[in-house]
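Scroll down for the structure; my scribbles are underneath it.
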Amino acid sequence: MDFIIRTMKKNDSSDKEFFDYTNFESYKTTLKDSEKYSEEELHKKFQQFEEDDPLDINESKHSVFILETYNGIKVGLIWITNREPFWRFNDQLAWIYNLHTIPEFRKQGLARLLMIRAEEWAVDQNLNSIALHVLNDNTFARNLYESLGYELVVTHNTSCFYEKKV
Ligand SMILES: CC(C)(COP(=O)(O)OP(=O)(O)OC[C@H]1O[C@@H](n2cnc3c(N)ncnc32)[C@H](O)[C@@H]1OP(=O)(O)O)[C@@H](O)C(=O)NCCC(=O)NCCS
Numbered sequence: 034m035d036f037i038i039r040t041m042k043k044n045d046s047s048d049k050e051f052f053d054y055t056n057f058e059s060y061k062t063t064l065k066d067s068e069k070y071s072e073e074e075l076h077k078k079f080q081q082f083e084e085d086d087p088l089d090i091n092e093s094k095h096s097v098f099i100l101e102t103y104n105g106i107k108v109g110l111i112w113i114t115n116r117e118p119f120w121r122f123n124d125q126l127a128w129i130y131n132l133h134t135i136p137e138f139r140k141q142g143l144a145r146l147l148m149i150r151a152e153e154w155a156v157d158q159n160l161n162s163i164a165l166h167v168l169n170d171n172t173f174a175r176n177l178y179e180s181l182g183y184e185l186v187v188t189h190n191t192s193c194f195y196e197k198k199v
């Protein structure tokens with residue numbers, strides 16, 4: 034099957050719905066005990082999580098790329114931002130907030146394509162580095178990042194922070 038990667042239209046309701054859906058689904062994977070909660074409770078927890086660190090996707094520093102089939106079925110997304118230096122990251126950097134592919138389309142190399150698109154974006158932004166946070170037990174994602182040349186910069190509790198110079 035052929036796919037395209039395009040920029041998310043921030044004022045398009047269908048794109049925004051997919052953006053919200055993938056953020057929520059990725060958030061759920063970060064909870065150790067998500068099965069304990071009802072869907073409604075999970076939505077409440079997610080809302081709280083978003084309120085604790087509010088981000089305005091409409092700011093120009095945020096870019097989102099959607100991967101879809103030629104007939105318009107959305108199957109994956111990457112959200113990346115141009116971020117100020119923070120903590121162990123001393124330079125302006127490209128920061129990945131979310132990477133997600135829908136379960137039916139996993140293990141086909143599609144997340145890898147989205148990561149490569151994000152790296153191109155970082156270079157276009159004149160950024161020298163791209164980095165992200167992942168939980169230490171997210172083996173699939175960590176395998177992917179390591180196979181793309183990302184290096185573990187620091188660990189903190191259950192968190193891993195990876196960086197790649199581009
Ligand atoms: C992590 C995630 C994005 C991977 O998506 P994907 O489309 O399956 O990834 P790809 O097919 O591009 O896989 C690339 C690499 O990931 C690893 N990988 C992916 N799925 C795997 C699996 N089921 N078992 C083992 N390794 C796996 C492999 O290293 C693979 O490389 P290879 O095929 O060359 O060996 C997807 O599982 C997902 O959306 N998970 C939920 C959200 C999430 O955890 N996002 C990351 C948060 S930091």
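Counting the sequence shown from 1 gives a position; the numbering used here is that position plus 33.
From the three backbone atoms N, C-alpha and C, an ideal C-beta is built for every residue, glycine too.
The shortest CA-to-CA distance from N56 to any of K78, F36, S71, N123 is the one to K78.
Between M41 and I129, the CB-CB gap reaches or exceeds 9 Å. In this structure, the C-beta of I129 approaches ligand 1 to less than 8 Å from one of its heavy atoms. Sixteen is the threshold: when 16 or more other Cβ atoms of the shown chains lie within 10 Å of the Cβ of G109, as they do, the residue is buried. A straight line joining the alpha-carbon of K107 with that of L75 spans about 23 Å. Closest in C-alpha terms to V186, from the list S180, H166, V199, comes H166. Judged by DSSP in its simplified three-state form, W154 adopts helix. The straight-line gap separating the alpha-carbon atoms of L64 and K43 is approximately 28 Å. Cβ contact annotation for L177 (same chain, cutoff 8 Å, sequence separation greater than five): A144, R145, M148, in chain order. Here the distance from the Cβ of T102 to the nearest heavy atom of ligand 1 is not below 8 Å. In the structure shown, the three-state DSSP call for I38 is strand.
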